[in-house]
Amino acid sequence: MHRVTVKRKEHFNAAHRLYNPSWSDEKNEQIFGKCNNPNWHGHNYEVIVSLTGEVDEQTGYVYDMKKLSDLIKDEVLNRFDHRNLNLDVEEFKNIIPTAENIVKVIYDLLRVKIEEQYEVKITLYETERNFVEYPA
Ligand code: NI
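With positions in the sequence shown counted from 1, the corresponding number in this note's numbering is that position plus 59.
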């Protein structure tokens, strides 16, 4: 038996605004810059879900990739794709939709749907050059 990490990459488009309501407009502008634009802006997010587990002797698989793809569609893409994260997504009512917060929300949504014996890690690209990983 050996452990392997399998990864599935998916894509969604979403709009957001980085804004802390307890700060002045000036401070929001100073901290968040262009991402504070009141009329929103979008990103093409790439999300990579990594599962680590034992290779099953019967199937030769760690995890059924069709099942993983369906899970990401149901839990993440259907919630986030072509949405305004601040306005449309319940999870961001009270937290700022930075990549750091989005990756944690995605992890929490998927972790409860995947059996405990698998390690789960999420990588989220907000731009080609800026990406985050959770758990750290
Ligand atoms: Ni942004």
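From the three backbone atoms N, C-alpha and C, an ideal C-beta is built for every residue, glycine too.
| Query | Result |
| --- | --- |
| Classify Y120 as buried or exposed, calling it buried when 16 or more other Cβ atoms lie within 10 Å of its own Cβ. | exposed |
| Could you say if the segment 114-129 and the segment 91-102 meet the contact criterion of at least three C-beta pairs nearer than 8 angstroms? | no |
| Count the other CB atoms within 10 Å of the CB of R188; is the residue buried (16 or more) or exposed (fewer)? | exposed |
| Just the C-alpha distance for H102 and L110, rounded to the nearest angstrom, thanks. | 25 angstroms |
| Would you check if there are 3 or more beta carbon pairs closer than 8 angstroms linking the segment 143-151 to the segment 80-89? | no |
| Which two residues bound the contiguous beta strand (DSSP E) that contains Y166? | Per DSSP, Y166 belongs to no beta strand (DSSP E); it is in the alpha helix (DSSP H), 158-170. |
| The ligand NI heavy atoms versus the CB of H100: any closer than 7 angstroms? | yes |
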